[in-house]
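> In my numbering, the protein residues as written are -19 to 179.
Don't be surprised by glycine CBs; every beta carbon is placed ideally from N, CA and C.
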Amino acid sequence: MNENQIYPESLNACKLTNLHRMSKGMVVYQQGQTAQGFYFIKQGLVGLFHTLDNGKECLARVDKQGDYFGFRTLFGLGDSQYHCCAKVLIEADIIQIRPDNLDKFWDQNVVFNKMLMQTLANELKDAEERLAKSAYLNTLDRIADSLHFLTTNFPHYNWTYREIAEYAGCETETAIRMSKKLKQNHLFNDVLPRQRKKE
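Laid out in structure tokens, this is it:
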């Protein structure tokens, strides 16, 4: 966490609820669910998964200790549903933040609002870069790029082939096949799953 971190306890005009000891696989909120506030990760790792119309799931983003998530609905102008499903990847302690009144919340948390806007801008930049890579990189390069990002930014999590595939935007079988090519070239040997895990 950085020294400029704004913690939920310092926010005004809202109620805080501690969600202690959420186990791996637990759902914080479902895609399409009406928003009940937003969240802060005190400890752990949370993945945001988007399910497409065809039922396929994609790992949209990963949030770690010190991150806020689920706050896009605060800017929704009538769209008050979560756009992803938030699932715990590593056991987590999470705080739910429920603004009493949005206008009052914005007025009384000016510095925090600026931080959220900067976070949104950074996430939009990252999403645009991923979109460009998915259009122009071949599958092997997308998997290598995804592995580099995931294992560099979240080194304490054992990524499965399915999660790697979801983040890279390909099928699990393709990720397994391409990972074999990476291993043959002695790339990512220390971070790739040793055997196919049951998904």
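Assuming Gly205 and Ile77 make a contact with CB atoms under 8 Å, what is their CB distance in whole Å?
No information on residue 205 is available, as it lies outside the stretch -19 to 179 that the chain covers here.
> Could you check if Arg1 is buried or exposed, using at least 16 other CB atoms within 10 Å of its CB as the buried criterion?
Exposed, by the Cβ-count rule.
> Touching or not, the segment 43 to 55 and the segment 22 to 32, by the rule of three or more beta carbon pairs under 8 Å?
Judged by Cβ distances under 8 Å, the segment 43 to 55 makes contact with the segment 22 to 32, as three or more pairs qualify.
> Would you mind sorting Asn89 into buried or exposed? The rule is 16 or more other CB atoms within 10 Å of its CB.
Asn89 comes out buried.
> Closer than 6 Å by C-beta to Gly181: which residues in its own chain qualify, once you throw out the five before and the five after it? Chain order, please.
Coverage of the chain is limited to positions -19 through 179, which leaves residue 181 absent and any answer about it impossible.
> Under 8 Å Cβ to Cβ from His30, same chain only, skipping five residues before and after it: list those, please.
Only Gln11, Glu37, Cys38, Ala40, His63, Cys64, Cys65 meet the Cβ criterion.
> Output needed for Phe49: all residues of its chain with C-beta closer than 6 Å, excluding positions within five of it in sequence on either side, in chain order.
Only Tyr19, Asp43 meet the Cβ criterion.
> Reducing DSSP to helix, strand and coil, say where Met2 ends up.
Met2: strand per DSSP, three-state reduction.
> Tell me, please, whether the segment 120 to 131 touches the segment 156 to 168 by the rule of three or more beta-carbon pairs shorter than 8 Å.
Yes, they touch.
> What residue range does the alpha helix (DSSP H) around Ile156 cover?
That run of the alpha helix (DSSP H) goes 152 to 164.
> For the beta strand (DSSP E) holding Glu109, just list the boundary residues, first then last.
Premise fails: Glu109 lies in the alpha helix (DSSP H), 90 to 116, not in any beta strand (DSSP E).
> Taking all protein chains shown into account, do 16 or more other C-beta atoms lie within 10 angstroms of the C-beta of Ala145, making it buried, or fewer, making it exposed?
Buried is the call here.
> Report the three-state DSSP secondary structure of Ala72 (helix, strand or coil).
Note: Ala72 maps to strand in three-state DSSP.
> Note down the Cα distance separating Leu54 from Gln61, rounded to an integer number of angstroms.
Going by the C-alpha atoms only, they are around 10 Å apart.
> Is Asp43 helix, strand or coil when you go by DSSP?
Strand, per DSSP.
> What residue range is occupied by the uninterrupted alpha helix (DSSP H) comprising Tyr141?
Segment 141 to 148, the alpha helix (DSSP H) holding Tyr141.
> Classify Leu130: buried if its beta carbon has 16 or more other beta carbons within 10 angstroms, exposed otherwise.
With 16 or more other Cβ atoms within 10 Å, it is buried.
> Considering just the uninterrupted stretch of the beta strand (DSSP E) at Leu28, what are its terminal residues?
That run of the beta strand (DSSP E) goes 18 to 31.
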